[in-house]
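Colleague:
There are 2 protein chains.
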Amino acid sequence: MEDPDILVDIEAKFTSRGRVMPPSNRKQAFLPKGATVLPNNQGTAPGIIWEPRPNLLLMTFPGVPREMEAMWRETSVPYLQDHGWVHETILSRMLRFWGISESAMAERVAEYLNLSNPTVAPYASHGEAKLRITAKGASTAAALSLIEPVEKAIKALMGTDCYGVDGDSLASVVGSLLSQRQQTLAVAESCTGGGLGHLLTTIAGSSAYFWGGIIAYDNSVKVNLLKVDAVVLEREGAVSAAVAEQMAQGAKDALGTDWALSITGIAGPEGGSSTKPVGLVYIGLATPAGERLSVRYEFAGFRGRDWVRELSAYSALDLLRRHLL
Amino acid sequence: MEDPDILVDIEAKFTSRGRVMPPSNRKQAFLPKGATVLPNNQGTAPGIIWEPRPNLLLMTFPGVPREMEAMWRETSVPYLQDHGWVHETILSRMLRFWGISESAMAERVAEYLNLSNPTVAPYASHGEAKLRITAKGASTAAALSLIEPVEKAIKALMGTDCYGVDGDSLASVVGSLLSQRQQTLAVAESCTGGGLGHLLTTIAGSSAYFWGGIIAYDNSVKVNLLKVDAVVLEREGAVSAAVAEQMAQGAKDALGTDWALSITGIAGPEGGSSTKPVGLVYIGLATPAGERLSVRYEFAGFRGRDWVRELSAYSALDLLRRHLL
């Protein structure tokens, strides 16, 4: 049967974007008799919650992962808890690491990998190493009390290589550190083309510390807007320690911030040489004290252009994080 | 059994990044007797190809999707074709659309959605509408001859809303159009924070037409580096047609390019008002003829910050694409 409230909600979502609801969306407002709506705050198609007979519970979700995940978190989990469907809690905490490989991390925490409750399991994705600590308990509090001592011990063992937990990102951690110090940041980007600024601004409220920057993809922009010395650029090449440091200084001066990060590298697939292979990246940093420094990275060029660019941006955030600590 | 060639390859991949192979990686060099290596050009762990008895073929892949996909494409598919495991070809072509919703697109091509060979199926992701045309045939050529007339008819029906096929992206299509004209592009980004430049530079060789830009997240950068009029900024607000147009002009002037795109908007979750809701975005364009223009967009703010930022960057590319056509 068609639910008039759902129909009104779907039509309102189209109207709010200045669109008319196409007739085909009308079928999203149909529900089985006796079912209730599982609201979708991120899209038009709602889900349903339906108990057609005792001990049988059906929930449906739209196919878009982002919408499904939000609906599960916001409505399904509280529903299951409130209606007695939850008898045991499995709780996980993810510890996040940068600047260390998954296998090197796993060797350092080897003594924890054979625990049974909590379990500790290593993961890796996008250059990041992770450890998932998972505990079973009668309640959230019981599970948490099993996780916490292990988390504390691993953090002590791993030091600053562990940058955060769960929903933390390098961008959010750097943002918190800058906010605490009331300091500001600019960027100068060559091979990442804006990817570092994009990562920094994924964080809501980042305008408090991130002012912006200059995307200097062409060498003319490095010289004209970042005031990189054309003679140095010609002699050392765009991918060099000297140019990375001048780019950072140029962004700091042009924007008037406390800190500036720069990235210049060879993302590939073309442009590499025997002395400057694909994957070679210099990251520069200009500090509030007036220092300029740079670090040389060699990322795995065979993993492709996206990989080199992504790791460059994360590594720049990590370099600043370690200087802020 | 340990395969010495694999071990040498894994060690070389670590050495090329200035690292020593951890002992735990050694197990990646073990193969079942009689199996051959399925090479992994993107990572260290290889797969295997093993026919332990007739009519039984096993292939293994590492769990990283990027590595698995490259291995499937580069080695597994040719192997299956060469060894008589392929008896029928299923071929798909994806048509890509921007500026039209999935449901509106589906209504315009309704007459094609009931075909049986090829089939035509609508999809949507990240604001993009897509149509997958899939044909079965005895060979690639036979399947292709079924796809082509349907593809041609749909393209004629949909006009410029169809921006490309298969691996095309808005960034690659805009890049091809700029390259054909030997013209250059700069960007000025506020709410996207570098995301538009990042998209443009996903394309290898984009340095031929993309020179860079200015990330003007803070208003001071809009005034100082993009020469936005401080009086206009104060009167109209940063998210306005006038500021979008001045930002585009400022980027074009500062970098000396033929075209410039600008983005200024309210990504949320905070910062919205009744007259300027979260999701309101102005995209500006400065053209080689000296024109300045802007377009107002209202994206679905309830879908979140990432959604608004992503659609802003893609919409900017689409605006330029339509002006280049």
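Protein chains in written order, with this note's numbering: chain W, 313 to 637; chain F, 313 to 637. Virtual Cβ for every residue (Gly too), placed ideally from N, Cα, C. Computed from a predicted model, the values in this text were never measured in an experiment.
#1: Do the CB positions of W/G509 and W/V499 come within less than 7 Å of each other?
#2: Could you tell me if F/R385 is buried or exposed, where buried requires 16 or more neighbouring beta carbons within 10 angstroms of its beta carbon?
#3: May I ask you to report which of helix, strand or coil DSSP gives F/T587?
#4: Name the one or two DSSP bridge partners that W/W362 has.
#5: Which of the three DSSP states is assigned to F/F326 in this structure?
#6: Taking all protein chains shown into account, do 16 or more other C-beta atoms lie within 10 angstroms of the C-beta of W/N426, making it buried, or fewer, making it exposed?
#7: Which residues share a DSSP beta bridge with W/E314?
#8: Inspect the CB distances between the segment 315-322 of chain F and the segment 340-354 of chain F and report whether three or more fall short of 8 Å.
#9: By Cβ distance, which residues of its chain are closer than 8 Å to W/E622, with the 5 residues on each side in sequence left out?
#10: Please report how far the alpha carbon of W/E419 lies from the alpha carbon of F/S518, in whole angstroms.
#11: Quick one: does W/D321 have its CB under 7 Å from some CB of chain F?
#12: I need the boundaries of the alpha helix (DSSP H) containing F/A625, first residue and last residue.
#13: Please return the same chain residues whose Cβ sits closer than 6 Å to the Cβ of W/S574, not counting the five positions on each side in sequence.
#14: Kindly say whether F/V533, judged by its beta-carbon, lies nearer than 7 Å to any beta-carbon of chain W.
#15: Helix, strand or coil for W/R475 per DSSP?
#16: Where do the N-terminal and C-terminal ends of the beta strand (DSSP E) with F/Y609 fall, by residue?
#17: By the criterion of Cβ-Cβ separation under 7 Å, what are the contact partners of F/V593 in chain W?
#18: Just curious, the alpha helix (DSSP H) that F/P377 is in, first and last residue?
#19: Is the separation between the beta-carbon of F/Y609 and that of F/L482 shorter than 7 Å?
#20: Cα-Cα, which of F/R617, F/G602, F/Q495 is closest to F/A579?
#21: Identify each residue in the segment 436-468 of chain F for which the Cβ-Cβ distance to at least one residue of chain W is less than 7 Å, and report them in chain order.
#22: Which runs of the beta strand (DSSP E) fall wholly inside the segment 411-446 of chain W and span at least 3 residues, in chain order?
#23: Under three-state DSSP, which class holds W/Y331?
#24: Can you list, in chain order, the residues of its chain whose CB lies under 7 Å from that of W/S457, leaving out five sequence neighbours each side?
#25: Pick helix, strand or coil for W/G509, following the three-state DSSP scheme.
#26: Short check: CB of F/M406 to CB of F/D478, under 7 Å?
#27: Does DSSP put F/Y391 in a helix, a strand or coil?
#28: Verify the contact flag: W/G577, CB atom, against every heavy atom of the ligand PLP, threshold strictly below 6 Å.
#29: Once DSSP output is grouped into helix, strand and coil, what is the label at F/V593?
#30: Apart from the five residues just before and just after W/F522, which ones in its own chain have a Cβ nearer than 7 Å to its Cβ?
Modeller: On the basis of the data shown:
#1: Sequence index remark: in the first sequence, residue 509 of chain W carries index 197 (1-based). Sequence index remark: in the first sequence, residue 499 of chain W carries index 187 (1-based). Cβ distance < 7 Å, so W/G509 and W/V499 count as in contact.
#2: Along the second sequence, one-based indexing puts residue 385 of chain F at 73. Exposed, because fewer than 16 other Cβ atoms sit within 10 Å of the Cβ of F/R385.
#3: Taking the first residue of the second sequence as 1, we reach residue 587 of chain F at position 275. The answer is coil: DSSP assigns F/T587 none of H, G, I, E or B.
#4: Working through the first sequence from its first residue, we reach residue 362 of chain W at position 50. Answer is W/L370.
#5: For the purposes of this step, residue 326 of chain F is identified with residue 14 of the second sequence, where counting begins at 1. Residue state, collapsed to three classes: helix.
#6: Numbered from 1 along the first sequence, position 114 holds the residue referred to as residue 426 of chain W. Counting Cβ neighbours within 10 Å, W/N426 comes out exposed, since fewer than 16 surround it.
#7: Position 2 of the first sequence, counted from the start, is the residue given in the question as residue 314 of chain W. DSSP lists W/F342 as partners of W/E314.
#8: yes
#9: As a first step, residue 622 of chain W is located in the first sequence; it is residue number 310 there, counting from the start. Excluding positions up to five away in sequence, the list reads H438, G439, G507.
#10: Here residue 419 of chain W is taken as the residue at index 107 of the first sequence, counted from 1. Here residue 518 of chain F is taken as the residue at index 206 of the second sequence, counted from 1. Whole-angstrom Cα-Cα distance: 41 Å.
#11: Your numbering for residue 321 of chain W matches position 9 in the first sequence. False, the Cβ-Cβ gap to chain F never drops below 7 Å.
#12: Position 313 of the second sequence holds residue 625 of chain F. Start and end: 617-636.
#13: Residue numbering aside, residue 574 of chain W sits at position 262 when the first sequence is read from its first letter. Once the five neighbours on either side are set aside, the close Cβ partners of W/S574 are A500, A556, M559, A560, G596.
#14: For the purposes of this step, residue 533 of chain F is taken as residue 221 along the second sequence, with counting starting at 1. Yes, F/V533 counts as interfacial toward chain W.
#15: For the purposes of this step, residue 475 of chain W is taken as residue 163 along the first sequence, with counting starting at 1. A small correction: the amino acid at residue 475 of chain W is Tyr; Arg does not occupy that position in the sequence shown. It is a strand residue.
#16: Taking the first residue of the second sequence as position 1, residue 609 of chain F is located at position 297. 604-610 is the span of the beta strand (DSSP E), which, as asked, contains F/Y609.
#17: Looking up residue 593 of chain F in the second sequence gives position 281. Within chain W, no residue comes near F/V593; the closest Cβ sits about 12 Å away, beyond 7 Å.
#18: In the second sequence, residue 377 of chain F corresponds to position 65, counting from 1. First-last of the alpha helix (DSSP H) with F/P377: 377-383.
#19: Along the second sequence, read from residue 1 onward, the residue named residue 609 of chain F stands at position 297. Along the second sequence, read from residue 1 onward, the residue named residue 482 of chain F stands at position 170. No. Outside cutoff.
#20: Mapped onto the second sequence, residue 579 of chain F falls at position 267. It is F/R617 whose Cα lies nearest to the Cα of F/A579.
#21: none
#22: 431-437
#23: Translated into positions along the first sequence, residue 331 of chain W becomes position 19. The sequence shown places Arg at residue 331 of chain W, rather than the Tyr named in the question. Coil, per DSSP.
#24: Taking the first residue of the first sequence as position 1, residue 457 of chain W is located at position 145. So no residue of the chain qualifies.
#25: Numbered from its first residue, the first sequence carries residue 509 of chain W at position 197. W/G509: helix per DSSP, three-state reduction.
#26: Looking up residue 406 of chain F in the second sequence gives position 94. Looking up residue 478 of chain F in the second sequence gives position 166. Yes, Cβ-Cβ distance for F/M406 and F/D478 is below 7 Å.
#27: Numbered from its first residue, the second sequence carries residue 391 of chain F at position 79. In the structure shown, F/Y391 sits in a helix (DSSP, three-state: H, G or I).
#28: Among the components of this structure there are no ligands whatsoever, and the ligand PLP is therefore not found.
#29: Reading the second sequence from its first residue, position 281 is the one you call residue 593 of chain F. If DSSP states are grouped into helix, strand and coil, F/V593 belongs with the strands.
#30: As a position in the first sequence, residue 522 of chain W is number 210, starting the count at 1. Excluding positions up to five away in sequence, the list reads L497, L512, T513.
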